[in-house]
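Listed in order, the protein sequences are those of chains C and P. Under this note's numbering, the first residue of the first sequence is numbered 6, with each subsequent residue one higher. Under this note's numbering, the first residue of the second sequence is numbered -15, with each subsequent residue one higher. Cβ atoms here follow ideal geometry from the backbone N, Cα and C, with glycine treated the same way. Note that this is a predicted model, so its numbers are computed, not measured.
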Amino acid sequence: MADVEEDEALRRLSEDFLTINVGNQMFGIPVLQVQDVLREQPVTRIPLASSEVAGSLNLRGRIVTAIDVRRCLSMSDRDECQSSMSVVVEHNEELFSLVIDNVGEVLRLKKNDFEKNPGTLDPAWRDISTGIFQLEENLLIIMDVSKLLENIKV
Amino acid sequence: MDDLIVEFITETNESLEELDMDLVNLEKNPNDADLLGKIFRLVHTIKGTCGFLSLPRLEKVAHHAENVLGKFRDGVLDVIPDYVTLIFESIDQIKYIVGEIEETGSEPDGDDSGLIAKLDAAHEGKVLLDDGTYKGDAPSEASAEKKTKAAPTQERNVAPGDATEDELEAAFANTPGMDGIANPSDDAPKQERNVAPGDATEDELEAAFANAPGMDGIANPSDSDSADDAPAKQERNVAPGDATEDELEAAFANAPGMDGIAPPSDTPSAPKKKEPKPEQDKKPATSKPKTTQTLRVNVDVLEELMTMVSELVLTRNQLLQILRAQGETEFSTPLQRLSHVVSDLQEGVMKTRMQPVGNAWSKLPRIIRDLSLDLDKKIELVMTGNETELDRQVLEMIKDPLTHMVRNSGDHGIEIPADRIAAGKPETGTIRLDAFHEGGHIIIRISDDGKGLSIDKIKEKIFQNGLATQEEIDEMPMQQIHQFIFAAGFSTAAAVTSVSGRGVGMDVVRTNIEKIGGAIELKSEEGKGSTFTIKIPLTLAIVSALVVEAGGERFAIPQLAVRELVMVSEHGDNRVEYIKGAPIFRLRDRLLPLVSLSNLLGLSEKKILQQEGVIEKAEVDVKTEAKGETDSEKTAQSVEEAEADSQETKASSSDDPRENNNLYLVITEVGGYEFGIIVDRVFDTEEIVVKPVAEMLKGLTLFSGNTILGDGSVIMILDPNGIANATGNVASTEDLNAMQGQDEHTSTSQKKTSLLLFTTGDKTPKAVPLALVARLENIKTKDIEYSSGQMTVQYRGALMPLIPFNSSITIEDDSDKPVLVFADKDQSLGIIVEEIVDIMEEHLDIQLSTQTSGLLGSAIINGIATDIVDINHFLRNANHDWFKDHDDTPYNSATDGGNEAAKTRLLLVDDSAFFRNMLTPLLSMAGYDVTSLEAPSEALKMCEDGVFFDVIVSDIEMPDMNGFEFAQQVKQGDGKWANIPMIALSSHATPQDIERGMQVGFTDYVAKFDKDTLLSALSQTLTKN
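Below, the structure written as structure tokens:
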């Protein structure tokens, strides 16, 4: 009983994040937003779409728009030999597959450790993140998926 | 019957049926507010609708019933059993009238004063009994009274469905008067059964016993009836309900009935009673299905079904794809069957959602009628394409916009008769409403011949509303100014009329139409009228699409927009040509603008589309932007291929299709505008489920959606409209339409011909029908060689003679000269000209004939006097046996070449002097003895004069009498020419035309410029005969 209550308390005080790697940076996505994690998928290009749109793919009968997160973050493109992974999220009732380098792990982080973005952070990055967790080894930028997707120009 | 009325009846019957269930409850619980409210609403709706549909009798009943029901509902009046009976009676009467309307399309004659009197009494809180007394009065006058008081009995008798209520009533047995008529009312079920098919359920039980005694009653009308009852029965003959139904009967039944309360009841009742019988027999067959055939289904259910069927189709496609890869397996047959069933299912489900567009129109004639009365205008509404079906939801959405626009046309567009006459137009204005399918869309066109949009007024209004500055307005093209009428709050009507002009019109219309993915276009000419074209997608979830590849990616093009597919190769007849860098293709006798899909989409082109010597080279669009590995490979490959291709072009003309240097043109039609989309490959057609693209991709107008193919991959669906728009051809589309429109009016006398304009050194531009020119080439002067004094050039592995158009053309060293290439079989001839100027569509009207050899005469083209070139002259000069060594040499002429008398006599009928001039020498050279005439009438005269021909070649589009009529005249009857084979010559060779041509007696149907086919058709025809 006590365990359950403790667990509950902990849950209230903490949140689970899936860590992903894009470039050399680690990002966190609230785990509850993640619908799926995919390996590299064949993607249909969408001509004339903005460069962030990597294309579309078929996820069990649903058409999912693939978003190249590197491009969203103005990073250089992946090397051709470098593989990628995707995290599928839902936004405005549509599915998006965020193409990233790879997926790390699920971390349960205390809300107390959450901090606002430092003012010096690149404005483009600041825009798409809600804040930062301090991990022992590095910093985890929490990604605001909705913002990220909304920022993509139509 | 009017669709509206049918709809009304169906709805009313449904509601009535539903009500039947509840009526029993009303009996038990007379003051059930919900139920009363329900009945009230129904009656209220009926009343309202009746007013609209002009059904005064029903309206009256409903109106009075509503009054009473209103009081019940508000609790002002307590519902006592008598009133329950009254409600029943009213509803039954409504049922009866509705039933009659369903039967005959109009209200039955007669009146309901009895019922209405009762209702009015109830309204005042009294109960009027059948015998005309108020409840509480002594009802003992009974029979004697009844004879005179026709009204109350009447309505009681005719009330259909009395049986039920009488049953209940009997139980209640509130009034003695009721008992008195219990007998006659037995007949009621029979009647009401005829007229109210909807009653079936409730009547079924009843019918079992009620019908039988009813029949008995008919058999011996007088057995049980007392003397008192007889009159009651007679009254029944004239009862309102019977009148229409038994019109004839009433004629004689009425007469004795009126003056003959006295005569014995046998006479009037006997004829009457015979008649209902047969009617009873036939009615259930005809009218019953009407109501049972429709079933209301929640749209959500259909929607869900649709989605599931869509998924099913996808799965089916996947299975078929697997099957194709597997080859023959035991699954083949069941899968095929499954596939068929799925197709049928899909079609069926789709049908459930389709409704003819006429449903949205049905109110319009009425609106226009009222409008013309209100505004003192004469307006005729012409509607075509009522049967064009579209999705129910779409239909609902366009109903209001359409009404708006038609009203607008009537109100703003059509002028008052006086103005119209002053403007030289017919007094009656016409509003046309056309609906048809086109390019995967439904097009609805609303056009009027009214005064059109006033540009000045709109300009003024734009300025007033501050939508643009005066300078901006002045510079705006007309089209753009027109667009402002779609702006919110924009109305140019000087006065706000009751009809329109409240400024809520066109912007709402536009919003509504755009909401369903449609588009609205406007074309207006001041003084002539306006045309609105609404283009609505079918929005069917499943469409058939052609899968193509461009730039290494696959795309789907909705099959509906695709007219045909053409394979083009580097060499050979099907080639892409360039004018100022713009790819053009000659499709039969028409020039087709082309658009490269890979260019349009910014994908790298797979290969070069140009050919050595073509006027301008296409640029290879190799995008260097980073792409996936496969793409860059492809790009590299494509460049190599392109190089190889251009080298090959020089080397030889051998075509190897396996090398895959063919391109495909997807000939697409959008709103009457035809263009070709250049693609690299064409795959299969597939049934696809259109899924909307993600929100962030909505801005890409080139795509209408995306889908998952059978192989599981995602593919983008191209929007032909978007492509047409992207090619910047929307405006010209309209121009084209306008031109076509004009053409239709003038085509008989003035046909347009595509002319190639060029200069030849002297000042006068020259023109030659484009269709005669096989190719345009640029020849390097250094490549020109001489063989036996004749200028030649190596062209496609053969020598082609070259002729300078005239002596003023100078052949300098080391320059390029444009050459018109004329080809016939393996022979070609080049005519060197100075410069190629343009391609024009013009009415070819040769005004000045000339003696100069090589010219047919002069015509005004694009406002400039232009020489029309007689190509035959050059062909003859260049090669004496030009056209002669066909293997399709005319029958006779080859064998008896020298024998003039044996020459095949050919009659050519064509109204165009140009074509006669062109074809006559051509046919003469091919060995025919040609007589050319301008009009069929002249030909028919020759026929009468006894002149004889071996074959007749006739144009189709001619003034006065067209080719079809001409052929009919020739072929029909015992005409002297009835056996002469006829060949139709036309610039429009659609399958329908050909079909029609065959029907009227043409042996063959040949496109106008296709001289090879003409010659071979002639040869064949003559051989046959």
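- Apart from sequence neighbours up to five positions away, the residues of its chain that approach isoleucine 978/P with a beta-carbon distance below 6 Å are Tyr989, ordered along the chain.
- When 9 Å is used as the limit between beta carbons, valine 45/P is near no residue of chain C, the shortest such separation being about 51 Å.
- Relative to the Cα of isoleucine 469/P, the nearest Cα in the group Glu444/P, Gln454/P, Gln778/P and Leu286/P belongs to Glu444/P.
- DSSP places lysine 443/P in the uninterrupted alpha helix (DSSP H) bounded by 439 to 448.
- With respect to the C-alpha of isoleucine 352/P, the residue from Asp58/P, His388/P, Leu804/P and Met381/P having the closest C-alpha is His388/P.
- In the three-state DSSP reduction, asparagine 63/C falls in the strand class (E or B).
- Listed as beta-bridge partners of asparagine 26/C by DSSP are Met31/C and Asn107/C.
- Neighbours of serine 61/C in chain P, taken as residues at a C-beta separation under 7 Å, are given in chain order as Asn690 and Val698.
- Judged by DSSP in its simplified three-state form, isoleucine 692/P adopts strand.
- Between serine 799/P and threonine 776/P, the C-beta gap is not smaller than 7 Å, which leaves the two residues out of contact.
- Under the criterion of beta carbons closer than 8 Å, isoleucine 852/P and isoleucine 816/P do not qualify as touching, at roughly 19 Å.
- With the rule of 3 Cβ pairs closer than 8 Å, the segment 428 to 438 of chain P does not count as touching the segment 525 to 543 of chain P.
- Relative to lysine 925/P, the option among Val893/P, Ile426/P and Leu903/P whose CA is nearest is Val893/P.
- For proline 577/P, the closest of Ile518/P, Leu296/P and Thr652/P by C-alpha to C-alpha distance is Thr652/P.
- Contact between the segment 411 to 422 of chain P and the segment 363 to 370 of chain P is established, with three or more Cβ pairs separated by less than 8 Å.
- Annotated as proximal: leucine 10/P and leucine 19/P, with beta-carbon spacing under 7 Å.
- Taking 7 Å as the cut-off, the Cβ atoms of aspartate 395/P and arginine 337/P do not count as close.
- Separation of aspartate 695/P and glutamate 295/P (C-alpha to C-alpha, rounded to the nearest whole angstrom) is 14 Å.
- Taking 7 Å as the CB threshold, glycine 706/P stays off the interface with chain C.
- Looking at the DSSP output, asparagine 762/P bridges to Pro802/P.
- Lysine 31/P is outside the set of residues whose beta carbon lies under 7 Å from a beta carbon in chain C.
- The straight-line gap separating the alpha-carbon atoms of valine 293/P and arginine 980/P is approximately 40 Å.
- A direct Cα-to-Cα measurement between leucine 70/P and threonine -4/P gives close to 19 Å.
- For serine 580/P, the uninterrupted beta strand (DSSP E) segment begins and ends at 574 to 580.
- The Cβ atoms of isoleucine 34/C and methionine 148/C sit closer than 7 Å to each other.
- Rounded to whole angstroms, the gap between the alpha carbons of valine -10/P and serine 91/C is 57 Å.
- About 42 Å separates the beta carbons of isoleucine 306/P and isoleucine 428/P, which is beyond the 8 Å limit, so they are not a contact pair.
- Under DSSP, glycine 660/P forms a beta bridge with Leu578/P and Ile651/P.
- Methionine 700/P is positioned such that its CB atom lies no closer than 7 Å to that of phenylalanine 516/P.
- Going by DSSP, serine 508/P is part of the beta strand (DSSP E) stretching over 503 to 509.
- By the rule that beta-carbons nearer than 7 Å mark a contact, leucine 42/P does not touch chain C.
- Buried is the label assigned to serine 970/P, since at least 16 other Cβ atoms lie within 10 Å of its Cβ.
- For valine 94/C, there are no C-beta contacts with chain P under 7 Å, since the nearest C-beta of that chain is about 13 Å from it.
- For leucine 53/C, the chain P residues whose C-beta falls within less than 7 Å of its own C-beta are Leu585, Gly586, Leu684 and Leu686, listed in chain order.
- For methionine 462/P, the three-state secondary structure derived from DSSP is helix.
- Selection Ser938/P, Phe56/P and Leu756/P evaluated against glycine 947/P yields Ser938/P as nearest (Cα-Cα).
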